[in-house]
Amino acid sequence: MRLSRIEKADRRTRASFSSMSPVRYLVGIASFLANAACIAQTSGSGFFVTPTGLVVTNYHVIEDALKIEVISSNGKRIPATVLRADKANDLAILQTGEHNTPFFYVSSSSNVRRGEKIYALGFPQTSIQGIEPKLTDGIVSSISGIRDDPRTFQITNAIQPGNSGGPLFAEDGTIVGVVVATLNSSKVLAATGSIPQNVNYAIKSNYLLELVGSIGSVRLPQPNAKSSRSGRKLVDVIADAEKALVRVIATEEPSTFASPAPRARPPRANTEPLDAELVRIGHVAPMSGGQAHYGKDNENGVRMAIEELNTQNIVIGGKKIKFEMVGGDDAADPKQGTAVAQKLCEAKVSGVVGHLNSGTTIPASKIYNDCGIPHVTGAATNPNLTKPGYKTTYRIIANDNALGAGLAFFAADALRLRRVAIVDDRTAYGQGVADTFRRTAQSKGIQVVDEQFVTDKTIDFLTALTSIKSKGADAIFYGGMDAQAGAMLRQMDQLGLSNVKMFGGDGICTAELSRIAAGAKSLDGVVCAEGGASLAKMPGGNAWKAKYDAKYPGQFQVYSPYTYDATFVLVDAMKRANSTDPKVYTAKLAETAYKGVTTTISFEPNGELKNPPITLYVYKDGKKVALN
């Protein structure tokens, strides 16, 4: 009697377990059963192409199966058989015997052009993402596939395990391809030394039309004026597409399956992985209010990092890892910031990138420490953040001591200023950077002739500026953010203070400042400081910025390279610890030596960045320009 593959695997596995302890034996049997289930059953996607229940999917989804079922949009499980298969082009047509089924119209792929908008629909990673259909959009990036293979399109749609066999359709809802595979990142990395970025493929619909044409009794429906979906709302087109979508379940039955002769098998890039683990990383910043442009920029950096990490097929603790961002809006409000931090603790995220403001980051850091979750900020600069000595708190940007001191040195040594006024918004950030500037300036012989206090919501600075004007200040240091600094610059023009310079930290050092200042002449006198090198001098700055702009045009502000690096720093520690558990990997953060986009990141014992560089900027013709 010939044994099935599963029966042979069972004998080998049980033999290897015979010498194990009872506990290890049970663990091993559980693992074997999980793996056996995966071997015995494959889950993919498919779609109806006729009202008589014909289904299209990939050949590799149903290959070797003795039992095939499709699950329709209404949840009905329908037995299916293979009507026609095309192994060379990885296509299969299934027969279900159903009638009056919703269906896709199939159009020729010959007219599809590079850059055309297309949509993919399917059931990716159902064990993690659930069984609800998932839609991704993209474009046709190439009209040929690997090594110019004419049978496939290269597409930018996000494709994951379980998408195999799903429809690729145009905006009018007609099929132009069948989703087939993603480029194997690990193999490409091994062969070329680089990781492919969002490289996915679909079989052209013309090969499907040829396969159907080989079945004399089958004719695909043709759209007419009445049935055409042209001109309909996209959401309605997608709703119709979901009705014609099916999930394909192919089962190898071990009781009757005879082991075949060995042969080359097509890659199973889109069948579901074993032991996949979802790891969530939190991000917090102001996503609403006057600082929302900062928050969006920071979030973009984290999203960009996570998307890239998910292309790298990272394995930690023997499990393939899928990363996901969990976002939070603190609105630059300390109370809201602590509430968001508590929610992230309750959600059991594995790490946090954020916050933006020192005023929200400092109280949140205690909450993260209490619940044992590490967080890395790429924006909050108040030195008090690291004073408690929490082993969960890290900063990858220069703090206010470096920023305020650098500006004071420039004012005294380069510009030889002797009389300055100071305005701060009384936030943790504004007060911190202003205090450092004051101490350093006075140590350099600069006289502080006036001090004014406002809030981070102030928009009327005329009273404060009138007082400063009467004191004859050569420059104003503003401890605060760009929304207020821009308003102050406009009002400086109103009071004839256009020749008075304005100094400030990274809070005012944004591209947005020029827009907010609205053509104020005072902008020409702004000198601001950022932690880190300029993009041009960052190790990977220019290349990274090009990718960022392509993905998020017109959204760059200041901190996204740092939040991008912060995300990688957390994952780097996980990899070195071989664990995603914060209790395990947090200790590895102190040993970080990560070569990032911004700099090579390593930490002082208190969590501060070692050897933090700073860069001074001015504004010329409304654009921020680095001085050093």
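Residues 31 to 658 (our numbering) are what the sequence shown spells out, left to right. Even glycine gets a Cβ: it sits at the ideal position worked out from N, Cα and C.
Asked, Found
"Three-state secondary structure assigned by DSSP to H313", "strand"
"A548 classed as buried or exposed, judged by whether at least 16 other C-beta atoms fall within 10 angstroms", "exposed"
"Span separating the alpha-carbon of T645 from that of G561", "6 Å"
"The stretch 531-541 / the stretch 496-514 touching (three or more Cβ pairs under 8 Å)", "yes"
"A269 versus F134: straight-line alpha-carbon distance, rounded", "12 Å"
"Length at least 4, wholly inside the stretch 475-513: the alpha helix (DSSP H) runs in chain order", "492-500"
"Residues that H90 bridges to, as DSSP identifies them", "Beta-bridge pairing links H90 to no other residue."
"Pairwise C-alpha distance: Y647 and K654", "6 Å"
"Any beta strand (DSSP E) of 3 or more consecutive residues that is wholly inside the stretch 158-192", "164-172 and 182-185"
"Cβ separation of K234 and R181, assumed to be a contact under 8 Å, to the nearest whole Å", "6 Å"
"Check whether T423 and L415 have beta carbons under 8 Å apart", "yes"
"Close-in-space but distant-in-sequence residues of the same chain around G192 (CB under 7 Å, 5 per side omitted)", "S73, G74, S75, G152, F153, P154, Q155, T156, N300 and E302"
"Residue range of the alpha helix (DSSP H) that includes L433", "D430 to F439"
"C401 (DSSP reduced to helix, strand or coil)", "helix"
"Segment limits, alpha helix (DSSP H) that includes P197", "Where P197 is concerned, there is no enclosing alpha helix (DSSP H), although the beta strand (DSSP E) it sits in stretches over P197 to F199."
"Residue of I403, L525 and I476 minimising C-alpha distance to T496", "L525"
"T629 beta carbon less than 8 Å from that of P569", "yes"
"Residues near E542 in its chain [Cβ-Cβ closer than 7 Å; skip 5 each side]", "H323, D512 and Q587"
"Spatially closest choice to R262 from D359, E201, Q252 and I176, by CA coordinates", "E201"
"DSSP-derived helix/strand/coil call for V370", "helix"
"Stretch-stretch touch, CB-based, cutoff 8 Å, three pairs: the stretch 338-348 with the stretch 388-403", "no"
"Under 8 Å between C-beta atoms of I476 and A451", "no"
"Candidates P197, M334, V599 and A517: closest to I148 by CA position", "P197"
"With 16 other Cβ atoms within 10 Å as the buried cut-off, status of A288", "Only weak support is given to the placement of A288: the predicted model assigns it a pLDDT of 34, under 50, and the value that follows is read from those uncertain coordinates. With fewer than 16 Cβ atoms within 10 Å of its Cβ, A288 is classed as exposed."
"Where T286 falls: helix, strand or coil (DSSP)", "Residue placement at T286 is flagged as unreliable, the pLDDT there being 34, under the threshold of 50; the coordinate-derived value follows with that caveat. In this structure, T286 counts as coil in the three-state DSSP scheme."
"Touch test, the stretch 120-132 against the stretch 165-180, Cβ-Cβ under 8 Å, three pairs minimum", "no"
"CA-to-CA distance, E272 to I161, given in whole angstroms", "12 Å"
"Coil, strand or helix - V653 by DSSP", "The sequence given here has Lys at residue 653, not Val. Here K653 sits in strand by DSSP."
"Sequence-distant residues of its chain with Cβ nearer than 8 Å to P643 (five each side left out)", "A428, G561, G562, A563 and T629"
"Per DSSP, cross-strand counterpart(s) of K417", "K417 is not bridged to any residue."
"Contact under 8 Å by Cβ, L527 with A550", "no"
"Inter-residue Cα distance where the pair is R35 and D94", "Because the pLDDT at R35 is just 36, under 50, the model does not fix this residue reliably, and the value given afterwards should be weighed accordingly. In a straight line, the C-alpha of R35 is about 11 Å away from that of D94."
"Cα-Cα separation, Q321 to Q585", "13 Å"
"As assigned by DSSP and simplified to three states, the class of E634", "coil"
"Secondary structure of L84, DSSP reduced to three states", "strand"
"C-alpha distance - V267 paired with V136, whole-angstrom precision", "14 Å"
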